[in-house]
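Student:
Residue numbers (our numbering): 4 to 256.
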């Protein structure tokens, strides 16, 4: 029991640079207290004492500002950093070594009872502040959810999801969630050396437009030379310039 306790406390110290020692983590971290109380309420829930389990979870919410349904399943070394405003639904499953920041909702989009309504987080998942993960899908091992993202579909292992609704970025971190991957731990779901796919597409369009603008300028110069030739009617040359000018203005919009 104490080995498990110290294991969870030590995992928090590794992930939070503000944590100075075990005593501080044990006494001053509401996310840790919420998980401990949830272990008890979840046990009561499994024993069929559902009202008592809900009452205990309500007490935990009052004390910590974190709402965890007693039916939720939480793995080992889960860290609720800051924790205020976190809501975890009944059929949620959270894997080992996950980190969840303040204001996160692991919620459901269905009103039907007896079905999987809430998400399943794999091992080593980071869900950033204010993110909403809604639905009965799976977030793969080592995945990251950016701050204030709204995730409505499955996230592959090792990928990063950002935006509203969330878009999947290509992974650029190690796929494993072992001790080596901890060196690449990214607070608030930030993944280095990668950009939003929409902004990357816009950059590509801008590059193409600049390239086309240079080509249009070259065509204008060629047409200007051709306009001095007596073999080409002046009306045709002016029409071509006008069309090229319109295309250039269109590309600038």
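Note that CB positions come from ideal geometry on N, CA and C, so glycine has one too.
1) Is the CB-CB distance between residue 17 and residue 28 below 8 angstroms?
2) Only counting the same chain, and skipping five residues up and downstream in sequence, which positions put a Cβ closer than 6 angstroms to that of residue 126?
3) Quick check: the Cα distance between residue 53 and residue 59, rounded to an integer number of angstroms?
4) Looking at C-alpha atoms only, which residue of 108, 75, 74, 78 is the closest neighbour of residue 87?
5) If you reduce the DSSP assignment to three classes, tell me which class residue 140 lands in.
6) When the Cα atoms are used, what is the spatial distance from residue 183 to residue 135?
7) Under three-state DSSP, which class holds residue 184?
8) Mapping DSSP to helix, strand and coil, what is residue 128?
9) Can you tell me the Cα-Cα spacing of residue 51 and residue 95, whole angstroms?
10) Tell me whether the beta-carbon of residue 148 lies closer than 8 angstroms to the beta-carbon of residue 131.
Tutor: The short version:
1) no
2) 98, 99, 100, 144, 180
3) For residue 53 and residue 59, the distance between alpha carbons rounds to 10 angstroms.
4) 108
5) coil
6) Model confidence at residue 183 stands at a pLDDT of 45, short of 50, so the residue's coordinates are unreliable; what they give is reported in the following sentence. In a straight line, the C-alpha of residue 183 is about 28 angstroms away from that of residue 135.
7) Confidence is the limiting factor: at residue 184 the pLDDT is only 44, short of 50, which leaves the residue's position unreliable and the question unanswerable from this model.
8) coil
9) Rounded to whole angstroms, residue 51 to residue 95 spans 18 angstroms at the Cα level.
10) yes
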